[in-house]
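Asks: Once you've had a glance at the structure underneath, I'll fire off some questions.
Protein chains: 4
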Amino acid sequence: MTIRININADMAEGFGDYDIGNDTALLEIVKTANIACGMHGGDPGIMREVAQRAAEKGMSIGAHPGFDDLWGFGRRQIDMKVDDLEYLVAYQIGAMQAMASYANLEVSHVKAHGALNNMACVRADYADAIARAVKAVDASLIHLVMPGTEMERATQDIGLSLAREAFVDRTYEDDGTLTPRKIEGSVIRDADVAAERVVKMVTEQAIIARSGKKLDISFDSLCVHGDEAGAVEVARRSRRALEVADVEIVPLPQMLGSVRINPE
Amino acid sequence: MTIRININADMAEGFGDYDIGNDTALLEIVKTANIACGMHGGDPGIMREVAQRAAEKGMSIGAHPGFDDLWGFGRRQIDMKVDDLEYLVAYQIGAMQAMASYANLEVSHVKAHGALNNMACVRADYADAIARAVKAVDASLIHLVMPGTEMERATQDIGLSLAREAFVDRTYEDDGTLTPRKIEGSVIRDADVAAERVVKMVTEQAIIARSGKKLDISFDSLCVHGDEAGAVEVARRSRRALEVADVEIVPLPQMLGSVRINPE
Amino acid sequence: MTIRININADMAEGFGDYDIGNDTALLEIVKTANIACGMHGGDPGIMREVAQRAAEKGMSIGAHPGFDDLWGFGRRQIDMKVDDLEYLVAYQIGAMQAMASYANLEVSHVKAHGALNNMACVRADYADAIARAVKAVDASLIHLVMPGTEMERATQDIGLSLAREAFVDRTYEDDGTLTPRKIEGSVIRDADVAAERVVKMVTEQAIIARSGKKLDISFDSLCVHGDEAGAVEVARRSRRALEVADVEIVPLPQMLGSVRINPE
Amino acid sequence: MTIRININADMAEGFGDYDIGNDTALLEIVKTANIACGMHGGDPGIMREVAQRAAEKGMSIGAHPGFDDLWGFGRRQIDMKVDDLEYLVAYQIGAMQAMASYANLEVSHVKAHGALNNMACVRADYADAIARAVKAVDASLIHLVMPGTEMERATQDIGLSLAREAFVDRTYEDDGTLTPRKIEGSVIRDADVAAERVVKMVTEQAIIARSGKKLDISFDSLCVHGDEAGAVEVARRSRRALEVADVEIVPLPQMLGSVRINPE
Numbered sequence: 639m640t641i642r643i644n645i646n647a648d649m650a651e652g653f654g655d656y657d658i659g660n661d662t663a664l665l666e667i668v669k670t671a672n673i674a675c676g677m678h679g680g681d682p683g684i685m686r687e688v689a690q691r692a693a694e695k696g697m698s699i700g701a702h703p704g705f706d707d708l709w710g711f712g713r714r715q716i717d718m719k720v721d722d723l724e725y726l727v728a729y730q731i732g733a734m735q736a737m738a739s740y741a742n743l744e745v746s747h748v749k750a751h752g753a754l755n756n757m758a759c760v761r762a763d764y765a766d767a768i769a770r771a772v773k774a775v776d777a778s779l780i781h782l783v784m785p786g787t788e789m790e791r792a793t794q795d796i797g798l799s800l801a802r803e804a805f806v807d808r809t810y811e812d813d814g815t816l817t818p819r820k821i822e823g824s825v826i827r828d829a830d831v832a833a834e835r836v837v838k839m840v841t842e843q844a845i846i847a848r849s850g851k852k853l854d855i856s857f858d859s860l861c862v863h864g865d866e867a868g869a870v871e872v873a874r875r876s877r878r879a880l881e882v883a884d885v886e887i888v889p890l891p892q893m894l895g896s897v898r899i900n901p902e
Numbered sequence: 639m640t641i642r643i644n645i646n647a648d649m650a651e652g653f654g655d656y657d658i659g660n661d662t663a664l665l666e667i668v669k670t671a672n673i674a675c676g677m678h679g680g681d682p683g684i685m686r687e688v689a690q691r692a693a694e695k696g697m698s699i700g701a702h703p704g705f706d707d708l709w710g711f712g713r714r715q716i717d718m719k720v721d722d723l724e725y726l727v728a729y730q731i732g733a734m735q736a737m738a739s740y741a742n743l744e745v746s747h748v749k750a751h752g753a754l755n756n757m758a759c760v761r762a763d764y765a766d767a768i769a770r771a772v773k774a775v776d777a778s779l780i781h782l783v784m785p786g787t788e789m790e791r792a793t794q795d796i797g798l799s800l801a802r803e804a805f806v807d808r809t810y811e812d813d814g815t816l817t818p819r820k821i822e823g824s825v826i827r828d829a830d831v832a833a834e835r836v837v838k839m840v841t842e843q844a845i846i847a848r849s850g851k852k853l854d855i856s857f858d859s860l861c862v863h864g865d866e867a868g869a870v871e872v873a874r875r876s877r878r879a880l881e882v883a884d885v886e887i888v889p890l891p892q893m894l895g896s897v898r899i900n901p902e
Numbered sequence: 639m640t641i642r643i644n645i646n647a648d649m650a651e652g653f654g655d656y657d658i659g660n661d662t663a664l665l666e667i668v669k670t671a672n673i674a675c676g677m678h679g680g681d682p683g684i685m686r687e688v689a690q691r692a693a694e695k696g697m698s699i700g701a702h703p704g705f706d707d708l709w710g711f712g713r714r715q716i717d718m719k720v721d722d723l724e725y726l727v728a729y730q731i732g733a734m735q736a737m738a739s740y741a742n743l744e745v746s747h748v749k750a751h752g753a754l755n756n757m758a759c760v761r762a763d764y765a766d767a768i769a770r771a772v773k774a775v776d777a778s779l780i781h782l783v784m785p786g787t788e789m790e791r792a793t794q795d796i797g798l799s800l801a802r803e804a805f806v807d808r809t810y811e812d813d814g815t816l817t818p819r820k821i822e823g824s825v826i827r828d829a830d831v832a833a834e835r836v837v838k839m840v841t842e843q844a845i846i847a848r849s850g851k852k853l854d855i856s857f858d859s860l861c862v863h864g865d866e867a868g869a870v871e872v873a874r875r876s877r878r879a880l881e882v883a884d885v886e887i888v889p890l891p892q893m894l895g896s897v898r899i900n901p902e
Numbered sequence: 639m640t641i642r643i644n645i646n647a648d649m650a651e652g653f654g655d656y657d658i659g660n661d662t663a664l665l666e667i668v669k670t671a672n673i674a675c676g677m678h679g680g681d682p683g684i685m686r687e688v689a690q691r692a693a694e695k696g697m698s699i700g701a702h703p704g705f706d707d708l709w710g711f712g713r714r715q716i717d718m719k720v721d722d723l724e725y726l727v728a729y730q731i732g733a734m735q736a737m738a739s740y741a742n743l744e745v746s747h748v749k750a751h752g753a754l755n756n757m758a759c760v761r762a763d764y765a766d767a768i769a770r771a772v773k774a775v776d777a778s779l780i781h782l783v784m785p786g787t788e789m790e791r792a793t794q795d796i797g798l799s800l801a802r803e804a805f806v807d808r809t810y811e812d813d814g815t816l817t818p819r820k821i822e823g824s825v826i827r828d829a830d831v832a833a834e835r836v837v838k839m840v841t842e843q844a845i846i847a848r849s850g851k852k853l854d855i856s857f858d859s860l861c862v863h864g865d866e867a868g869a870v871e872v873a874r875r876s877r878r879a880l881e882v883a884d885v886e887i888v889p890l891p892q893m894l895g896s897v898r899i900n901p902e
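Chains as they are written, first to last, in my numbering: chain A, 639 to 902; chain B, 639 to 902; chain C, 639 to 902; chain D, 639 to 902.
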């Protein structure tokens with residue numbers, strides 16, 4: 639049986655005349671775009687454009703809501719009322735759905751951005767607020783989260799479809815957390831090393847820690863980055879290595895409709 | 639047969655700690671709320687709240703998109719690329735739909751705000767862009783416009799449901815345009831005068847100019863204002879006078895599904 | 639010898655068409671305005687206008703910088719790079735100086751707003767960043783802070799002129815901290831109670847805790863609020879009671895040039 | 639006697655994580671930076687950084703205020719109340735002065751950006767408002783404008799120091815206006831052609847139209863662009879050609895203190 643996996647990346651993070659990231663390169667690599675929704679990045683025009691290009695490539699798309707913080711690119715932690723947070727997320731999902739309608743493409747998932755995601759991985763109230771927002775806008779949306787976090791817990795508690803992601807260019811500790819960035823080697827910049835590891839994780843259907851330990855953590859999607867040329871190369875080679883290993887790269891919804899990797 | 643009319647007002651124009659308008663008073667007067675969508679006013683929380691309160695009152699709601707101009711409250715004319723304008727409008731409609739989902743209420747119409755509306759009444763490219771945005775997001779949306787304008791023309795050209803509005807507190811010229819504000823008496827501040835005129839217009843099913851001439855211009859909705867205490871009183875008495883005259887005040891969608899006033 | 643004290647309040651916190659607070663009432667009560675600088679509230683027009691009105695009243699003015707957070711009115715804690723924070727504060731001080739130039743009035747002090755102030759009272763890095771910003775823009779500016787905090791420490795470390803404030807409508811614990819808001823009675827809403835306590839504190843030249851203990855904490859300024867009618871009344875009566883007690887109400891710079899209350 | 643000329647460019651137009659333009663290249667070419675002030679581009683950090691780098695290069699700097707329009711990069715024409723416009727400009731000048739204080743560098747001029755500049759070249763009310771703002775903040779500031787416009791007229795009327803600029807990469811008509819962009823050849827992209835023309839204009843001390851006619855229009859500064867690689871090369875070669883022709887490139891204030899080119 640063919641093994642399948644999804645690959646996702648954050649896209650459409652420019653704003654007006656400001657360009658950022660490597661959307662054009664990523665469109666050849668990933669099968670799922672997390673589209674910025676105008677708060678930490680993105681504007682209505684680029685949201686529509688990336689949705690259109692994703693549709694042409696047979697990709698799936700998701701809303702990628704962030705804090706209302708363009709200057710900080712959504713990377714500043716903001717302590718806001720939980721209701722405000724919930725409605726801010728819902729607002730962005732709705733805006734994304736509108737822009738996707740131009741491409742006749744359904745928004746199929748939601749993935750939180752940057753500091754919002756980081757905070758919600760550890761703060762139950764934030765995670766619950768995001769899950770409520772997703773459910774309120776469209777209960778059929780998939781919530782793409784990092785396994786082992788409050789986001790996973792909240793998604794399951796509220797009964798949303800859950801997809802888990804693993805990072806192509808980050809190492810893991812034995813407890814399933816990411817190795818802190820300050821530790822040497824925590825970010826994998828060697829494309830060959832990354833590609834080899836990714837193939838192993840996908841074919842063994844589990845996250846593998848930097849200790850070599852195979853963790854009992856499944857995932858549906860591989861997250862790649864486009865911020866720098868190096869990250870794009872890591873993504874490109876990982877994809878090629880998966881194809882060479884006969885892994886099929888599919889849009890996110892096909893992962894949840896199909897036999898799950900490492901099913902629970 | 640009972641005559642029906644809709645009454646609409648702009649609402650939810652506050653932002654964060656900033657309060658503006660008279661939403662609570664208007665909720666007792668109108669049957670349709672045009673809800674600001676976060677650009678010229680409004681934030682996700684107030685959008686949700688007014689949608690909820692409108693639902694409880696059996697009202698219909700619409701997206702009320704404006705320029706991205708909080709400082710100017712959407713009253714500054716902005717000359718932007720027509721594509722940017724179109725996507726800006728679509729974005730706001732989608733955001734409004736998301737917030738309305740909390741109230742299990744469909745967004746049933748769109749009405750442009752302030753300078754955006756004013757410009758689009760006379761600029762064909764802006765009017766067409768707004769009409770395209772409405773259609774792209776949801777082709778079943780009603781477009782609420784001022785009759786005799788590019789907005790009406792664009793709405794008909796693209797094949798959207800059209801609703802026309804007349805102003806309770808503004809006088810009209812014989813050609814169907816509003817009397818310019820600089821002319822004495824163009825804004826009706828006497829609630830009794832307004833109420834009497836409104837009843838006459840609704841029962842005679844036509845706009846009546848300040849010359850007394852009955853114009854061949856139909857309308858589906860009366861627009862009232864909540865900016866000042868005086869405007870609210872004009873709205874309140876107009877509504878009461880209509881009820882006394884046995885006119886039924888209905889949500890906007892019921893106007894288009896029913897026998898139209900002054901049908902064409 | 640006449641006892642002197644300053645009274646300060648946050649002002650100019652509206653934005654465009656949005657009005658908030660009670661600037662007109664406060665202009666009759668205080669001698670020093672902390673003027674919002676366009677980030678958490680305030681726009682160039684209202685900054686200029688309040689500076690002008692303050693000049694006409696013989697008041698002193700200060701820049702009142704806050705987080706770049708209009709939606710949250712500067713009350714959301716934001717964790718940003720310390721350099722970004724420093725430059726954000728400097729930017730606002732400069733903008734305020736420009737608007738004050740219309741009134742031929744010098745900006746004589748800086749007081750941080752809301753969550754920025756709260757965070758900097760306990761975070762040394764934030765306090766130091768704010769102090770550096772003040773010094774970089776104009777080393778002769780007075781820094782108005784709450785005594786016993788990192789803000790006071792940072793101001794002294796960097797060698798800026800320091801002014802301390804006490805709250806007219808908040809009670810204190812024996813250690814000089816504010817009684818938490820959740821404790822009954824921590825916010826003084828009875829204008830007579832507030833006025834009596836204020837006169838006692840000013841004439842005894844020390845903060846008095848709710849236990850009745852006289853603390854060894856001096857202050858140069860009394861902070862009053864204008865958010866609600868009740869707060870304005872507390873401010874008004876406090877001022878009147880001080881005048882009855884022959885206390886002279888002076889602009890902030892006169893406090894530091896004169897014999898200090900409770901000199902150390 | 640050595641002929642002198644200034645070269646200026648718009649800089650610091652990035653925002654947060656967004657980079658734009660070619661500041662590093664331009665710092666080697668120009669002697670004067672027009673620094674974006676946080677509205678159409680620029681943030682407090684980049685404003686400070688470019689001021690610092692300009693100081694290290696012996697350059698002069700100016701505030702480069704624009705409309706409050708980050709999405710449109712200040713290129714959308716906005717019709718706002720003239721008072722709002724004036725205070726918006728003053729606000730930005732003050733903010734720039736604050737950021738320049740970090741580099742111990744005086745802001746020596748103001749040059750309006752994009753659509754604001756374009757509108758003010760033809761609208762007397764906008765030009766007067768900008769001139770009033772400059773004068774209110776610091777009457778010793780130089781106003782850098784395009785000759786033959788309402789901006790020049792307003793600057794002279796109000797009595798500010800005036801500097802005129804000519805474009806290195808745009809051709810002129812016989813009446814001194816820029817050749818419209820839609821006309822082939824109106825933008826000079828050939829660096830050799832530009833360099834030759836610039837040397838001729840500077841040594842003959844007059845703008846030369848594309849007809850070859852020598853116009854009776856003096857200028858103090860050459861404006862170069864950094865938006866694209868081609869524009870930077872045009873700027874670089876123009877500077878080199880001027881040096882080869884023994885023209886001295888000086889900061890803007892030295893142009894007005896010295897014998898003026900083509901004095902009137």
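Glycine included, every Cβ here is placed at the ideal spot set by N, Cα and C.
Could you name the residues of chain C that D:Ser746 contacts, counting a contact when the two beta carbons are closer than 7 angstroms?
Replies: Within chain C, no residue comes near D:Ser746; the closest Cβ sits about 16 angstroms away, beyond 7 angstroms.
Asks: With DSSP collapsed to three states, give me the class of C:Asn755.
Replies: In this structure, C:Asn755 counts as helix in the three-state DSSP scheme.
Asks: How about C:Phe705: is its C-beta nearer than 8 angstroms to some C-beta of chain B?
Replies: No, C:Phe705 lies away from the interface with chain B (no Cβ there is under 8 angstroms from its Cβ).
Asks: Around the Cβ of C:Lys749, are there at least 16 other Cβ atoms within 10 angstroms (buried) or fewer (exposed)?
Replies: When all chains shown are included, C:Lys749 counts as buried.
Asks: Thinking C-alpha only, which one of A:Lys820, A:Arg714, A:Arg691 and A:His678 is nearest A:Val727?
Replies: Residue A:His678 is the option with its Cα nearest to A:Val727.
Asks: Identify every residue that forms a DSSP beta bridge with D:Tyr656.
Replies: Answer is D:Phe653, bridged to D:Tyr656.
Asks: Can you round the beta-carbon distance between A:Ile745 and A:Gly700 to whole angstroms, since I take them to be within the 8 angstroms contact cut?
Replies: At residue 745 of chain A the sequence reads Val, which differs from the Ile that was named. Sure, about 6 angstroms apart at Cβ, within 8 angstroms.
Asks: Cβ of D:His751 within 8 angstroms of Cβ of D:His781?
Replies: It is not a contact, given that the beta carbons lie outside the stated cut-off.
Asks: So, are the CB atoms of A:Arg714 and C:Ile716 less than 8 angstroms apart?
Replies: Yes; because the gap between Cβ atoms is below 8 angstroms, this pair is in contact.
Asks: Under 8 angstroms between C-beta atoms, does C:Ile716 make it to chain A?
Replies: Closer than 8 angstroms: yes.
Asks: Among the candidates D:Asn755, D:Tyr656, D:Ile645 and D:Asn660, whose CA atom is the shortest distance from the CA of D:Asp865?
Replies: Measuring from the Cα of D:Asp865, the nearest candidate turns out to be D:Asn660.
Asks: Which word fits D:Met639, buried or exposed, when buried means at least 16 other C-beta atoms lie within 10 angstroms of its C-beta?
Replies: Under this definition D:Met639 is an exposed residue.
Asks: State the CB to CB distance for the pair A:Val688 and A:Ile673, rounded to an integer number of angstroms; the pair is presumed to be in contact (CB under 8 angstroms).
Replies: That pair is a contact at about 5 angstroms.
Asks: Taking 8 angstroms as the CB-CB cut-off, is B:Thr679 touching chain D?
Replies: Per the sequence presented here, residue 679 of chain B reads as Gly, with Thr not at that position. Not one chain D Cβ lies under 8 angstroms of B:Gly679.
Asks: Run down chain D in chain order and give the residues with a C-beta less than 9 angstroms from the C-beta of A:Ile658.
Replies: Result: Asp655, Tyr656 and Asp657.
Asks: Run through DSSP, which three-state label would C:Ser849 get?
Replies: Residue state, collapsed to three classes: coil.
Asks: Can you confirm whether the region 884-893 of chain C touches the region 648-662 of chain C when touching is taken to mean that 3 or more C-beta pairs between the two stretches lie within less than 8 angstroms?
Replies: With the cut-off at 8 angstroms, the region 648-662 of chain C and the region 884-893 of chain C do not touch.
Asks: Thinking C-beta only, is C:Gln735 closer than 8 angstroms to D:Gly814?
Replies: Contact: no.
Asks: Pick from C:Asp763, C:Pro682, C:Arg691 and C:Met697: whose alpha carbon is nearest that of C:Lys719?
Replies: Selected option, being the one with the closest Cα: C:Asp763.
Asks: Would B:Ser859 and B:Gln843 be called neighbours here (beta carbons separated by less than 8 angstroms)?
Replies: No.
Asks: Have a look at D:Glu834, D:Asp807 and D:Val836 and flag the residue whose alpha-carbon is nearest the alpha-carbon of D:Gly823.
Replies: Checked all of D:Glu834, D:Asp807 and D:Val836; the closest Cα to D:Gly823 is D:Asp807.
Asks: Tell me the DSSP secondary structure of A:Ala883 in three-state form.
Replies: If DSSP states are grouped into helix, strand and coil, A:Ala883 belongs with coil.
Asks: Quick one: what does DSSP say A:Leu708 is sitting in, helix, strand or coil?
Replies: In the structure shown, A:Leu708 sits in coil (DSSP, three-state: anything other than H, G, I, E or B).
Asks: Have a look at C:Arg875 and C:Ala829 and give me their C-alpha separation to the nearest angstrom.
Replies: Straight-line Cα distance between these residues: approximately 6 angstroms.
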